[in-house]
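Q:
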Amino acid sequence: TTSATTTTEKEDATTVGASSDARASAASASASASMGRKASFGYTEVEYTEKEKLVRGVFERVAPSYDVMNDLMSAGVHRLWKDYFVSKVGAFAGMTHLDVAGGTGDIAFRVLRALQKAEKNAELDGQVLDGKTRGRVIVSDINPAMLHEGIKRATQRGLSQSQLEWLEGNAEKLPIEDNSIDVYTIAFGLRNVTNTSAALADAHRCLKPGGKYMILEFSHVESEPLKSVYDFYSFNVIPKLGEIVARDRDSYQYLVESIRKFPTQEKLKTMMRDVGFKHVTHENLTGGMVAIHTGYKE
Numbered sequence: 047t048t049s050a051t052t053t054t055e056k057e058d059a060t061t062v063g064a065s066s067d068a069r070a071s072a073a074s075a076s077a078s079a080s081m082g083r084k085a086s087f088g089y090t091e092v093e094y095t096e097k098e099k100l101v102r103g104v105f106e107r108v109a110p111s112y113d114v115m116n117d118l119m120s121a122g123v124h125r126l127w128k129d130y131f132v133s134k135v136g137a138f139a140g141m142t143h144l145d146v147a148g149g150t151g152d153i154a155f156r157v158l159r160a161l162q163k164a165e166k167n168a169e170l171d172g173q174v175l176d177g178k179t180r181g182r183v184i185v186s187d188i189n190p191a192m193l194h195e196g197i198k199r200a201t202q203r204g205l206s207q208s209q210l211e212w213l214e215g216n217a218e219k220l221p222i223e224d225n226s227i228d229v230y231t232i233a234f235g236l237r238n239v240t241n242t243s244a245a246l247a248d249a250h251r252c253l254k255p256g257g258k259y260m261i262l263e264f265s266h267v268e269s270e271p272l273k274s275v276y277d278f279y280s281f282n283v284i285p286k287l288g289e290i291v292a293r294d295r296d297s298y299q300y301l302v303e304s305i306r307k308f309p310t311q312e313k314l315k316t317m318m319r320d321v322g323f324k325h326v327t328h329e330n331l332t333g334g335m336v337a338i339h340t341g342y343k344e
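Under our numbering, think of the first position of the sequence shown as 47, with each following residue one higher.
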């Protein structure tokens, strides 16, 4: 299998943070601390160290049918959610954007278009941009299968690869330099991370002072009758669609359950503040089926 990590990213991965020995020591300490701990894999409690492997397996299985299933599950509304989410990014010339858990490129491709539009406007205003000063969009995912789907889609669409980079990495400890990212997005991926607080803290580490962190995630519907309709659809229709279209009921059963186990809108805001984010807000979409959380690093 061809690695999805670019040469530059490999160099970053070897230089960022502490020395190899220190990282190994930290990893060992983390593994020791995880002994006996449990994590939620949907409604099932599993060993803390097993969740990453189980989630990886889910996305390896669903990768080929991921986009088709998203359209079917949301009746295409996920495209509107993503369009609106990216409209809030505020792309600007020369920015460095990181999209995490973004393997198929859905968010990254939208951001790239917005970035290129911003840079075209900047050039019309007299700003001079070259290969070193143009912005870039980094797509990160823990799962190589999802990254390869994204690379394939980018090629099929004829997207310029000069401003698009692909990086395999765990959201809890990304091989990204400290204080190097202008905007960090994660869409429909945070609930699959084993340690949500660790991923939030690492996002804060990656961002430049003044940088923006944005989460798009399935959330919690409270109002009736929408809540009852949503629950019925989630538990009775979505797994069945997974069985028929992707021939994988269990993976989509997990995805539904993982939404219900994810922190509420207010709880997630508190968790963001706890790791240092300021000016934290959230906006519900479609009655709270999905929420956008935003925070800034000072």
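Quick reminder that beta carbons are idealized off the backbone N, C-alpha and C, glycines included.
1. Please work out which residues of its chain come closer than 7 Å, Cβ to Cβ, to residue 327, disregarding the five sequence neighbours upstream and downstream, and give them in chain order.
2. Measure from the alpha carbon of residue 263 to the alpha carbon of each residue in 320, 274, 314, then state which is nearest.
3. Given that a residue counts as buried once 16 or more other Cβ atoms are within 10 Å of its Cβ, and exposed if not, what is residue 259?
4. I want to know whether the stretch 136-148 touches the stretch 175-188 - three or more CB-CB distances under 8 Å.
5. For residue 261 and residue 305, what's the separation of their Cα atoms in angstroms?
6. Does the Cβ of residue 290 lie closer than 7 Å to at least one heavy atom of the ligand MG?
7. Return the chain-ordered list of same chain residues with a C-beta closer than 7 Å to the C-beta of residue 288, the five sequence neighbours on each side being excluded.
8. Only counting the same chain, and skipping five residues up and downstream in sequence, which positions put a Cβ closer than 8 Å to that of residue 128?
9. Is residue 300 buried or exposed, if buried means 16 or more other CB atoms sit within 10 Å of its CB?
10. For residue 216, which three-state DSSP category applies?
11. Under DSSP, the beta strand (DSSP E) around residue 196 begins and ends at which residues?
12. Could you tell me whether the Cβ atoms of residue 257 and residue 229 are closer together than 8 Å?
13. Taking only runs of the beta strand (DSSP E) that begin and end inside the stretch 217-302, which ones reach a length of at least 3 residues, in chain order?
14. Roughly how many whole angstroms lie between the Cα atoms of residue 276 and residue 132?
15. Report all residues from its chain with a CB closer than 8 Å to the CB of residue 323; omit the five preceding and five following residues, and keep chain order.
16. Between residue 227 and the rest of its own chain, which residues show a CB-CB distance below 7 Å, the 5 nearest in sequence each way excluded?
17. Just the Cα atoms here: how many angstroms apart are residue 98 and residue 126?
18. Leaving out five residues before and five after residue 273 in sequence, what residues of the same chain have Cβ atoms less than 7 Å from its Cβ?
19. Exposed or buried, residue 237, counting other C-beta atoms within 10 Å across all chains shown (16 or more means buried)?
20. Once DSSP output is grouped into helix, strand and coil, what is the label at residue 87?
21. With residue 109 and residue 195 assumed to form a contact (beta carbons below 8 Å), what rounded beta-carbon distance in angstroms separates them?
22. Tell me, please, which residues DSSP counts as bridged to residue 324.
23. What are the boundary residues of the alpha helix (DSSP H) that residue 180 is part of?
24. Pick helix, strand or coil for residue 142, following the three-state DSSP scheme.
25. So what does DSSP say about residue 152, is it helix, strand or coil?
A: Taking the geometry as given:
1. 340
2. 314
3. buried
4. yes
5. 14 Å
6. Among the ligands in the structure shown, none appear at all, so the ligand MG cannot be discussed.
7. 115, 294, 295, 297, 298
8. 152, 153, 156, 233, 262
9. buried
10. coil
11. Unbroken run through residue 196 is the alpha helix (DSSP H), 190-202; no beta strand (DSSP E).
12. yes
13. 227-233, 253-264
14. 25 Å
15. 246, 250, 259, 341, 342, 343
16. 142, 144, 252, 253, 254, 257
17. 29 Å
18. 267
19. buried
20. strand
21. 5 Å
22. 342
23. Element bounds for residue 180: n/a, residue is neither H nor E.
24. strand
25. helix
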